[in-house]
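As they're listed, the protein sequences go chains F and A. Taking the numbering used here, the leading residue of the first sequence gets 1, the next gets one more, and so forth. Taking the numbering used here, the leading residue of the second sequence gets 170, the next gets one more, and so forth. For each residue, glycine too, the CB sits at the ideal point set by N, CA and C. This one's a predicted model, so the numbers in the text were calculated from it and none came from an experiment.
2 protein chains.
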Amino acid sequence: MKSNSQAKSFPSADHDHRRCVETALKKAESYCTAQGVRLTKLRYRVLELIWANHRPVGAYNLLQQLTLEGHKAAPPTVYRSLEFLLDNGLIHRINSLNAFVGCDHPGLEHAAQFFICSSCGQAAELEDARIESAISGHAKRIGFNIERKSIEISGTCANCIASPSKAKG
Amino acid sequence: MKSNSQAKSFPSADHDHRRCVETALKKAESYCTAQGVRLTKLRYRVLELIWANHRPVGAYNLLQQLTLEGHKAAPPTVYRSLEFLLDNGLIHRINSLNAFVGCDHPGLEHAAQFFICSSCGQAAELEDARIESAISGHAKRIGFNIERKSIEISGTCANCIASPSKAKG
DNA sequence: ATATAATTGTTATAGTATAACGTAACATAA
DNA sequence: TTATGTTACGTTATACTATAACAATTATAT
């Protein structure tokens, strides 16, 4: 039973990940076209590498992959691509891991909340309205003007609780 | 009007910070005694330095201060103290800043939520039951077992919105 | 085609964190 | 008190993460 509605929870081990990638890259392309910004070959490739699975990936890991592909890359190469992708909402940064994960709804205002499984390494992005309103409600109460939110919940996902090693995509 | 009930919001510029420090250090001492762990001179001093104000402080900043005091310190010196303080709930790590801030209620189970002002640099720790239950509620819904939470909201605090430069303690 | 701006290459370095091993301080029991 | 084990700290080296600064290249619009 392959389902691809993993936006609100963790992707199962057997989900059709090619569809995740395909969808994400297509959305990225049309988003960039619409915005008049350039999703260059390098940026596209970095985004693609990040989408290899649902696990946040570090900058130096990406760098290593680019190098293996024959690309003569240095840290700024990948950090610049990451900056572009972040600026355009195509990826998110996971502060608690110093790592980056793909976002499949670029541009849309959303409250990037992450549940991160320390067993399979996967991160699920969600936008729970209750969490969001609880936070903005508190901010309003103390007169705080919110600019950025970093909400990262670590633990064990349902898949891993059920079968502690089937982790994949 | 000096008030010291800043647990739920940002401390005002004129609050009596000595009381914050005094209280925090006393609690730390009795907590460590009760737990049978050793709050050594070094660890105590690091905690004290962290409590210099309500701003998260970086490890290398602490290291520099220790050095200036004549302590022959190297990175592991401070990182080990930080680890002890973290393990015992005497400080929290702010992932988005790679920095550490004092916690005035060690031991108590609490949901470390932080509002961080990018203008005055201060961080207010809180424990909003609504935020907490919104998160644990979502976790329950998706069958996620929470281990650690990192909730960091950046923006501008009420004090700074009112008077953009009075920042202090 | 050429000028301009945007992107990438390249070198160097800053900032954050830990591994590994030796030494010193402390706690406890014989 | 001294031996003994344990915990904490000192010290050196190194790994990991990120950015500054400037040169070369590529894309885009005139």
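Check: Taking the DSSP output, what are the residues bridged to R148/F?
Finding: S323/A
Next item on the list: Would you mind telling me which residues of chain A sit closer than 9 Å to G170/F, beta carbon to beta carbon, in chain order?
Entry: With chain F represented from 1 up to 169, any question about residue 170/F goes unanswered, as that position is not in the structure.
Next item on the list: Determine whether the Cβ of F269/A lies closer than 7 Å to any Cβ atom of chain F.
Entry: no
Checklist line | Simplified DSSP state of S3/F, which is helix, strand or coil | finding: With a pLDDT of 43 at S3/F, under the threshold of 50, the predicted position of this residue should be treated as unreliable, though the coordinate-derived value follows. S3/F: coil per DSSP, three-state reduction.
Item checked: C329/A, DSSP secondary structure in three states -> helix
Check: What are the boundary residues of the beta strand (DSSP E) that includes I285/A?
Finding: Q282 to C286
Margin query: In this structure, how does DSSP classify L251/A when only helix, strand and coil are distinguished?
Written below: helix
Next item on the list: For R93/F, collect the residues of the same chain with a Cβ closer than 7 Å to its Cβ; drop the 5 residues on either side in sequence, then sort them by chain order.
Entry: L86 and F100
Next item on the list: Determine the extent of the beta strand (DSSP E) in which H92/F is found, giving its start and end residues.
Entry: I91 to I94
Checklist line | Residue burial classification, N98/F (beta-carbon count within 10 angstroms, cutoff 16) | finding: exposed
Notebook entry, point to check: By the criterion of Cβ-Cβ separation under 7 Å, what are the contact partners of I320/A in chain F?
Noted result: I151
Notebook entry, point to check: Of all the alpha helix (DSSP H) runs that stay within the bounds of the region 210-237 of chain A, which reach a length of 4 or more residues?
Noted result: 210-219 and 228-237
Note to self: Any beta carbon from chain A within less than 7 Å of G155/F's own beta carbon?
What the structure shows: yes
Notebook entry, point to check: Going along chain F, which residues have a C-beta under 8 Å from S287/A?
Noted result: E147
Item checked: Under 8 Å by beta carbon: chain F residues contacting I330/A -> G143 and N145
Next item on the list: Just the chain A side, please: which residues come within less than 8 Å of N95/F by C-beta, in chain order?
Entry: N264, S265, S319 and E321
Notebook entry, point to check: alpha helix (DSSP H) containing L194/A: first to last residue?
Noted result: H186 to Q204
Next item on the list: Please classify S163/F: is it buried, with 16 or more other beta-carbons within 10 angstroms of its beta-carbon, or exposed?
Entry: exposed
Check: Do T156/F and S119/F have their CB atoms nearer than 7 Å?
Finding: yes
Note to self: Quick check: what's the CA-CA separation for Y248/A versus R141/F?
What the structure shows: 36 Å
Next item on the list: Check G271/A in the structure and name its three-state DSSP category.
Entry: strand
Notebook entry, point to check: Counting contacts by CB-CB distance shorter than 7 Å, is A112/F in contact with chain A?
Noted result: no
Margin query: Less than 7 Å between the C-beta atoms of S265/A and E152/F, yes or no?
Written below: no
Note to self: Please classify G137/F as buried or exposed, where buried requires at least 16 neighbouring CB atoms within 10 angstroms.
What the structure shows: exposed
Next item on the list: Decide yes or no for the touch test of the region 233-242 of chain A against the region 284-301 of chain A: beta carbon pairs closer than 8 Å, at least 3 of them.
Entry: no
Checklist line | Amino acids of chain A, ordered along the chain, whose beta-carbon sits closer than 9 Å to that of A158/F | finding: I311, G312, F313 and N314
Item checked: I304/A versus H105/F: straight-line alpha-carbon distance, rounded -> 22 Å
Margin query: Under 8 Å, CB to CB, which of the residues in the region 192-216 of chain A have a partner in chain F?
Written below: none
Checklist line | Nearest neighbour of L340/A, chosen from D185/A, S181/A, D183/A and V206/A [CA to CA] | finding: Lying before the first or after the last residue shown, residue 340/A is absent from chain A, which here runs from 170 to 338.
Checklist line | Cβ-Cβ separation, G271/A to I224/F (assumed contact under 8 Å), whole Å | finding: Here chain F covers residues 1 to 169 and nothing more, so residue 224/F does not appear.
Checklist line | Beta-carbon proximity check, S81/F vs V57/F, cutoff 7 Å | finding: no
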